[in-house]
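Residue numbering for the sequence shown follows the numbering used here, beginning at 66 and increasing consecutively. Reading through the structure tokens given below for one structure.
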Amino acid sequence: MNGMILCKIRGSLLMFALVLPLHCTSLQAGELTGTDLLNLMLDNGIITKAQAQTLVDQVHQRRGGAPANERGIQADDILTLLREEKLISEQSYLKMQERLRQRQAAIKQGKGREPAPDDVRVPFLPDYIRRDLQQSISQQVEVEVVDKVKEEAVRTARIYGWGIKDSPSWVHKVKLSGDGRLRYQSDMFPDDNALYGYPDYVGINASGEEMYDNVNDTRNRFLARFRIMLKAQPTDRIEVGMRLTTGNEGNPVSSNQTLGGFSSKWDANFDLGYLKYTSLEEQVELIGGRFQTPFLHTDLVFDSDMTFEGIGGSYYFMRETSPFSDTNNWDPYIRLGLFPIQEIHRNIANLSEDAAQIVSEVNDRDKYLYAAQIGTDYQFVSTNKLSMALSYYHYDQTEGKRNPYQGTEASYSTASPFYQVGNSVYNINHPNDEPFLGLAASYKLLNATVEYQMADFFPTYVFLQADYVKNIAFDQKEVSALVGTELPERDTGYQLSIAAGTATLDYIRDWRVTFTYRHLEGDAVLDAFSDSDFLLGGTDAEGYIIEAQYALYDDTVASLKWISADSIDVDPGDALFNISVDTLQLSLQAAF
Numbered sequence: 066m067n068g069m070i071l072c073k074i075r076g077s078l079l080m081f082a083l084v085l086p087l088h089c090t091s092l093q094a095g096e097l098t099g100t101d102l103l104n105l106m107l108d109n110g111i112i113t114k115a116q117a118q119t120l121v122d123q124v125h126q127r128r129g130g131a132p133a134n135e136r137g138i139q140a141d142d143i144l145t146l147l148r149e150e151k152l153i154s155e156q157s158y159l160k161m162q163e164r165l166r167q168r169q170a171a172i173k174q175g176k177g178r179e180p181a182p183d184d185v186r187v188p189f190l191p192d193y194i195r196r197d198l199q200q201s202i203s204q205q206v207e208v209e210v211v212d213k214v215k216e217e218a219v220r221t222a223r224i225y226g227w228g229i230k231d232s233p234s235w236v237h238k239v240k241l242s243g244d245g246r247l248r249y250q251s252d253m254f255p256d257d258n259a260l261y262g263y264p265d266y267v268g269i270n271a272s273g274e275e276m277y278d279n280v281n282d283t284r285n286r287f288l289a290r291f292r293i294m295l296k297a298q299p300t301d302r303i304e305v306g307m308r309l310t311t312g313n314e315g316n317p318v319s320s321n322q323t324l325g326g327f328s329s330k331w332d333a334n335f336d337l338g339y340l341k342y343t344s345l346e347e348q349v350e351l352i353g354g355r356f357q358t359p360f361l362h363t364d365l366v367f368d369s370d371m372t373f374e375g376i377g378g379s380y381y382f383m384r385e386t387s388p389f390s391d392t393n394n395w396d397p398y399i400r401l402g403l404f405p406i407q408e409i410h411r412n413i414a415n416l417s418e419d420a421a422q423i424v425s426e427v428n429d430r431d432k433y434l435y436a437a438q439i440g441t442d443y444q445f446v447s448t449n450k451l452s453m454a455l456s457y458y459h460y461d462q463t464e465g466k467r468n469p470y471q472g473t474e475a476s477y478s479t480a481s482p483f484y485q486v487g488n489s490v491y492n493i494n495h496p497n498d499e500p501f502l503g504l505a506a507s508y509k510l511l512n513a514t515v516e517y518q519m520a521d522f523f524p525t526y527v528f529l530q531a532d533y534v535k536n537i538a539f540d541q542k543e544v545s546a547l548v549g550t551e552l553p554e555r556d557t558g559y560q561l562s563i564a565a566g567t568a569t570l571d572y573i574r575d576w577r578v579t580f581t582y583r584h585l586e587g588d589a590v591l592d593a594f595s596d597s598d599f600l601l602g603g604t605d606a607e608g609y610i611i612e613a614q615y616a617l618y619d620d621t622v623a624s625l626k627w628i629s630a631d632s633i634d635v636d637p638g639d640a641l642f643n644i645s646v647d648t649l650q651l652s653l654q655a656a657f
């Protein structure tokens, strides 16, 4: 066994034996011992402790079996062992012995002294030894990386059922995922909030009477959201997806279910259902059905729970065939979308011929959203990432049209089926009939978004985000005439955000802290699709958001969010009119 160990370290030991007596010095001249040689080899990773002990045992065997603790190992002992093992020639052995005698003679004549306790020995390693050490370390790192990849491959195989005997083919094509979230929310209002400051537009259109939501008494409630997602790939290029979620089917921007309905059953709806095509080189993507927002955006324009109905496509200009190529860090793209918002003619069949004619005269076109975005991602060598995009969103036929016919519902279809609060609205019904509210402004949005991810402080990442939107179709004079009040310019919004934390929130002890400032004027975007939490949802709001997130376990995140928002000009005709809301959210979410 000892012979095998000597063979393994033959090359490295020989280099040290030849080099160190020539190049190892101290700041004060002293004697180089065999123990010094062994320690230097240990410190530089040339031999292990077990191999060093083997050398010590070999030296003592040649002395007649003296225990290791009775006499120190001298340089001459190491040289003798090398000569007897035929690792160095007799001539080299004699030259090294002569150098040792010269050093000892110099010490006796006063040219040197025994090293003091605070003397420092400085070993010199030639370049070829350094290269050998670097190669050994690189090989060890490579082995560790391969082991990690093997472990991850086995874990992935278990998740997807690879290698399961007699498993049907569809098992490998289907992926099931989901998440559940529980939340406590407290909406707090100051004493000077207006009593009638938050109109319920949906309730007004349903009842024909004035209705308002509470903005005076603190509201505490518990919310739940549960979602389950199924994805399947019939072929490598086609993906089918569908998701079942809790929440009110009439609310496009929230999947929350409020607890406290006297144990009545929860609503459940499909908020996703799509077919998606991806080309072989991932240069072309096409999707149709109901799917998540395909555009780079923030909550300034679209709520995070917002999903789109229609068709969309993406084209990436510089994607290469090989996904492993690192010659191209830019990933520019263009995205287009056509999304039906409301079909007008679906109810005409139930009307009389005269009534159908009247409806057609007021509005005979369905409502659509046309969207286009051009943008790019840039991946820095340092793993920093920049994303930026310029978007155009054109809402067609969303503005309400006044009904000229008394006693008919001719213009009802021009009103939106869902509102939050903030957009300019006016009564589109005949003056002698009950009020019915429609949008006063047109909406053609120009939106610029920039996101930057910094890994310079690894393992802590920094995330920067800026978003700007302007409704270029807003006509101040026209809208003011419809609502009967002189309106200010209220067509702009912007948002700035900074966050710090880990790259993801998928693993235990991951964390992130975020600060966001937002200013969103009343007609900058369509309030029906904007953030549902900021100032209780909608537009005409400014303020800040602070959020802290922490992963208690893998895929399990606790979060604390504070939202403080004030209205900008809820009622432009009354300078004293004011709405302020502070919202506290405590959430726990787990995903699989």
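In this text, a Cβ means the ideal position worked out from N, Cα and C, and glycines have one as well. Note that the coordinates shown come from a computational prediction; the quantities given were computed from them, not determined experimentally.
Spanning the alpha carbons of Leu337 and Glu346 requires a straight line of approximately 26 Å. DSSP places Arg467 outside both helix and strand once states are collapsed to three, so it counts as coil. Gly354 sits in a strand when the DSSP states are folded into three classes. Straight through space, the alpha carbons of Ile644 and Asn285 are spaced by roughly 18 Å.
The criterion of a C-beta distance shorter than 7 Å is satisfied by Asp556 and Ala589.
Secondary structure at Leu324: coil, using DSSP grouped into helix, strand and coil.
Linking Val219 to His237 through their CA atoms gives a straight-line distance of about 15 Å. Under the DSSP definition of a beta bridge, Gln407 partners with Lys432.
Among the bridge pairs identified by DSSP, Ala437 is matched with Leu401 and Tyr457. Where Leu547 is concerned, the enclosing alpha helix (DSSP H) starts and stops at Gln541 to Val548. It is roughly 35 Å from the alpha-carbon of Arg384 to the alpha-carbon of Thr621. A distance of 7 Å or more separates the beta carbons of Tyr517 and Leu502. When rounded, the separation of the alpha-carbon atoms in Tyr559 and Gly487 is 16 Å. Tyr266 carries a helical assignment under DSSP once its states are collapsed to helix, strand and coil. For Ala513, the uninterrupted beta strand (DSSP E) run begins and ends at Tyr508 to Phe522, by DSSP.
Cβ neighbours of Arg430 within its own chain (closer than 7 Å, five residues either side excluded): Ile409 and Gln462. Under the three-state reduction of DSSP, Val446 is assigned to coil, being neither helix nor strand.
Burial check for Gly549: the Cβ neighbour count within 10 Å stays below 16, so the residue is exposed. Beyond the five residues adjoining it in sequence on each side, Gln614 comes within less than 7 Å, by CB distance, of Leu570, Trp576, Arg577, Val622 and Ser624 in the same chain, given in chain order.
With fewer than 16 other CB atoms across the displayed protein chains lying within 10 angstroms of its CB, Ala271 is exposed. The C-alpha of Tyr533 lies about 45 Å from the C-alpha of Glu216. Its chain contains Tyr342 and Gly378 as the residues whose beta carbon lies nearer than 6 Å to that of Leu351, once the 5 sequence neighbours on both sides are disregarded; these appear in chain order. Sequence-distant Cβ neighbours of Glu499 in its own chain, meaning closer than 6 Å and more than five residues away, are Gly273. In the displayed model, His495 falls within coil according to three-state DSSP, outside both helix and strand. About 5 Å separates the beta carbon of Phe291 from that of Gly245, a gap short enough to meet the 8 Å contact definition. As a beta-bridge residue in DSSP terms, Asn536 pairs with Leu510. Put simply, the backbone Cα of Tyr618 is about 9 Å away from that of Ala655. In summary, Ser242 is exposed, with fewer than 16 beta-carbon neighbours lying within 10 Å of its beta-carbon over all protein chains present. Here Val490 is buried, its C-beta having at least 16 other C-beta atoms within 10 Å. Rounded to the nearest angstrom, the gap between the Cα atoms of Asp265 and Glu304 is 40 Å.
Between Ile406 and Leu434, the C-beta spacing is below 7 Å. Here Leu247 is near Leu653, since their CB atoms are less than 7 Å apart.
For Ser344, the three-state secondary structure derived from DSSP is coil. With a cut-off of 8 Å on Cβ pairs, the region 467-483 is not in contact with the region 442-458, counting fewer than three such pairs. In this structure, the alpha-carbon of Val210 lies about 25 Å from that of Gly566. From the listed residues Tyr263, Gln298 and Gln250, the smallest Cα separation to Val239 is found for Gln298.
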